[in-house]
Each structure stands twice: as C-alpha cells, then as structure tokens.
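First residue of the sequence shown: -16, per our numbering; consecutive thereafter. This report concerns only the one structure given below.
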Amino acid sequence: MGWASSLALLLLGAGVLSVTVGSQTTLMLEVEPGDDVTLWCTLSLEEPAHIFWFKHTNTSVPERLTCLYYKLFSSPSSCAFVSQSNRTVMNLNSENASLRITGVNYTDSGLYYCCTQRSDYITFTNSTFLLVQDRDETLFQNSSRASCSSELFFILTVVFSAVVVILLSALLILTGRRHCRDGTTDLLLNIDKL
C-alpha cells in the first residue's frame, strides 16, 4: 500500500477524513479474453479533486489502478504517486470518468469502482463487476445448472411422492383398525343385550 493510501486510511480512522457513497448500483459485465472494455462512473466535479479507479477481488485488497487530478479550466494531470499502465487508461471530464482496459484476460476479473478524493472527504461512486470468461464456458455453466436443477426437482418429486404414499397408507391402516375395533365393540354390545 502506498504512502498516500496509508495517509488516507490514517486520516479516515482519526475522523479527519469522511467517506460517502455516491451510488449503490453495481453493473455486471461479462466479456471474453482479448476484448477491449470501457467502464464508466458518474461524477460531479465543481472543485479540484483526485479521481481514482480501483479493482477489488475476493483474494486481494483493493488495488489502485490509475489516478488523475482534476482542476477547473485545465486538462486533467496524472498523479505522481500512481504508476500508469499501458493497458488501463483513464479519461476524465467534470461529469464522467472512464477506464479503458485493452486486451482483457482472466486476471482482469473483479469489482471496479472509482472514487473522488477532495480535500477532506472521499466519495465512492457506482461499481462494475467485470467477469472475463469464454462464451462457451458461460453457456456450459448455465446448461449444467439447468440440468442439475431439473435432476434435483425430479429427485425431490419422487421423495415427496413416496412420503405422501407412506403417510396415506398409514392413515388408511389406522382408520381401518379403528373401524374394525368399533365394529367389534358394537358386536359385543349387541351380544350382551341378547
């Protein structure tokens, strides 16, 4: 983790820096290896700010991919503390930030989001979950889930039917015994009356 991130976390923990969430929307995007992808986030920049793009996977801490510094009436400039990659390029204006990833591969799968850091607060905006996999693999997974669901449905139907048959049989046997007992009692009462 860089010194800027460490400082931001320290300020956040001390209560000097506040965090807000701009949107709870997460978009799911499925692409194939080798595709070029552009991710977007919506901003409202009316004052100078650092804009970051992060990638987060379930096996890592958030990774800072890129950063630009936005100032009114001038073009955005790169942040000196974030190294830029040739595969990930950010574009920025006062209303939107985009992240272009060229030639995606499986390791590019993850949750992407951008944030705006102004002097004393950070705002996280909408996020996109990028899933890189072969189309054939997606179709195979969906069809195998469907066949697994139909097999499970069939098994549960058979088990449920067997339980119903057993319970009905037990009910009929108990009802038959009760009628049989009631009939025997009536016969004994009629014999006593004679």
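We treat Cβ as the ideally placed atom computed from N, Cα and C, and that holds for glycine. The model shown is predicted, which means the values in this text are computed figures rather than measured ones.
{"query": "Meets three-Cβ-pair contact criterion under 8 Å: the region 17 to 28 and the region 80 to 90", "result": "yes"}
{"query": "Segment contact, 8 Å Cβ cut-off, at least three pairs: the region 53 to 68 with the region 100 to 109", "result": "no"}
{"query": "F37 classed as buried or exposed, judged by whether at least 16 other C-beta atoms fall within 10 angstroms", "result": "buried"}
{"query": "Beta-bridge partners of R83, as assigned by DSSP", "result": "T21 and V72"}
{"query": "Residue burial classification, T25 (beta-carbon count within 10 angstroms, cutoff 16)", "result": "exposed"}
{"query": "Cβ-Cβ distance between S92 and V115 below 8 Å", "result": "yes"}
{"query": "Length of the line joining the Cα atoms of S61 and S133", "result": "54 Å"}
{"query": "Pairwise C-alpha distance: S77 and R70", "result": "23 Å"}
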